[in-house]
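Engineer: Let me begin by handing over the structure; questions about it come next.
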């Protein structure tokens, strides 16, 4: 999408704020012993409170509001009452939403509790690579 005016910029910023605030709150809320469904429903309430709609649910009837993957799940994990977060789990949360016709997506990986399986190395490497990409991206620069 090309941003052509201030209204579009503001719309994208609001949608981006909704997913960023939701993702941050979900990371802080996540704890050992909690189901991924409980965590997902917490995120859904935050999105709804901001007037945003879950993009996966809205677009293709995804059975959760967010995608929550544990350990070796690559991405787009379906939240369920049976999936319980455990100490040392590598968690990935993907929050994407629509707000007033604008769409945003944000995700993050982190470890629950103590890093007993040494997943933090992967998390840190991904953060370093992301920061390098952010530092180097400019208009006209191809990334793929």
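Numbering (our numbering), first residue to last: 26 to 169. We put the beta carbon where it would ideally sit given N, CA and C, even for glycine.
(1) In the DSSP assignment, find the alpha helix (DSSP H) that holds residue 42 and state where it starts and stops.
(2) Can you tell me which residues form a DSSP beta bridge with residue 132?
(3) CB-CB under 8 Å to residue 110, same chain, minus the five flanking residues each way: which ones, in chain order?
(4) With DSSP as the reference, label residue 67 as helix, strand or coil.
(5) How about residue 88 and residue 71: are their beta carbons less than 9 Å apart?
(6) Inspect the beta-carbon positions of residue 140 and residue 36 and report whether they are closer than 9 Å.
(7) Does DSSP put residue 60 in a helix, a strand or coil?
(8) Going by C-alpha distance, which of 97, 113, 98 and 93 is nearest residue 106?
(9) What are the start and end residues of the beta strand (DSSP E) that includes residue 95?
(10) In whole angstroms, what is the alpha-carbon distance linking residue 149 and residue 135?
(11) Does DSSP classify residue 27 as helix, strand or coil?
(12) Which residue comes first and which comes last in the alpha helix (DSSP H) that contains residue 84?
Structural biologist: According to the data block:
(1) From DSSP, the alpha helix (DSSP H) with residue 42 extends over 31–54.
(2) Residue pairing for residue 132: DSSP places it in a beta bridge opposite 119.
(3) Excluding five sequence positions before and after residue 110, the CB atoms of its chain that fall closer than 8 Å to its own CB belong to 55, 56, 57, 58, 59, 60, 61, 64, 95, 116 and 137, given in chain order.
(4) Residue state, collapsed to three classes: helix.
(5) Cβ atoms of residue 88 and residue 71: not closer than 9 Å.
(6) At least 9 Å separates the beta-carbon of residue 140 from that of residue 36.
(7) Strand at residue 60.
(8) Comparing Cα-Cα distances from residue 106 to each of 97, 113, 98 and 93, the minimum goes to 93.
(9) Counting along the chain, the unbroken beta strand (DSSP E) around residue 95 starts and ends at 92–95.
(10) One C-alpha to the other measures close to 9 Å.
(11) Note: residue 27 maps to coil in three-state DSSP.
(12) 80–85 is the span of the alpha helix (DSSP H), which, as asked, contains residue 84.
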